[in-house]
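**Student:**
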Amino acid sequence: MKLYEWIRDTIKTTPGLTQKGLAEAVGMNPATVNRMLYGRRHIRAEEVPLIENYLGAKYGMPAEHDGDVAQIQDSGFTAQSAPTVPQNLIPVYHGATGEGDIVDWVERHPMQKSCKDAYAFYVVSGAYEPRYYSGELVYIHPGKPPAMAQDCLVRRADGTESLYRYMGQSVQEVMLSNLQNGAAVTFPHTEIRALSAVVGRG
């Protein structure tokens, strides 16, 4: 069993383990973890101990790979085993969390051209109307901070993720605007894990 398959199966069969939990344990974007679990992203050797620590188990090297250090270094990723995905495509998820099963692949937005962790998601509720409607596609650049008055995805310390309009920040807090009613929203910096710019819609 490849390393990424073992990680994925361990999460699926062990109560209390989740992709989101793994992402937090290794300091990764949830979308990156999802790609890793399906062989689309290399697992670095230094990440293996962190992953094993979260899973509470050690990866057993398959017999046919005994002595093959590359099995760990390359994380079971081979040209033969990994799905071939064109570089111009990014994963699409169901909802804003950027994790779970990939439901579609779309061409990356021009603003995502150099972003390796770029993804998009389908809006699945009316929580953002009239700005975004259910079924609409939203493109996220995880590494790009939002500009003033730009829409952004806010990931909070408790794991929740929601869309807001960025309205600036002070030393103590981040200032946002609710997309549905325009109400002012503020969060202390300690409650914000990440601010990612919305770079397109479709």
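In this note's numbering, the protein residues as written are 35 to 236. All C-beta atoms, glycine included, are put in the ideal place defined by N, C-alpha and C.
1. Does the distance from the CB of Tyr156 to the CB of Pro125 come in under 7 Å?
2. Which residues does DSSP list as the beta-bridge partners of Cys186?
3. Based on the DSSP output, what are the partners of Met209 in its beta bridges?
4. Could you spell out where the beta strand (DSSP E) holding Glu141 opens and where it closes?
5. The alpha helix (DSSP H) spanning Ala57 covers which residue range?
6. What's the call for Lys36, buried or exposed, on a 16-neighbour Cβ count within 10 Å?
7. Touching or not, the region 52–71 and the region 217–225, by the rule of three or more beta carbon pairs under 8 Å?
8. Can you name the residues that DSSP bridges to Leu123?
9. Please list the terminal residues of the continuous beta strand (DSSP E) segment that includes Val172.
10. Between the beta-carbon of Pro180 and the beta-carbon of Ala231, is there less than 7 Å?
11. Using three-state DSSP, classify Tyr72 as helix, strand or coil.
12. Does the beta-carbon of Thr66 have 16 or more other beta-carbons within 10 angstroms, so that it is buried, or is it exposed?
13. So, with DSSP's three-state summary, where would you put Gln203?
14. So, helix, strand or coil for Ala14, using DSSP?
15. Compare the Cα-Cα distances from Ser196 to each of Lys178, Val158, Gln206 and report the closest residue.
16. Once you ignore the five residues that flank Val140 on each side, which residues in its own chain have a CB closer than 8 Å to its CB?
17. What residues are listed by DSSP as bridge partners for Tyr166?
18. Measuring only the C-alpha atoms, how far is His175 from Pro222?
19. So what's Gly236 in DSSP terms, helix, strand or just coil?
**Tutor:** According to the structure data:
1. no
2. Tyr198, Ala231
3. Thr220
4. 138–141
5. 53–60
6. buried
7. no
8. Glu141
9. 171–175
10. yes
11. coil
12. buried
13. strand
14. For the chain, the structure presents residues 35 to 236; residue 14 sits outside this window and is missing.
15. Val158
16. Leu123, Ile124, Val126, Ala154, Leu171, Gly236
17. DSSP, once it has assigned bridges, lists no residue as partnering Tyr166.
18. 22 Å
19. coil
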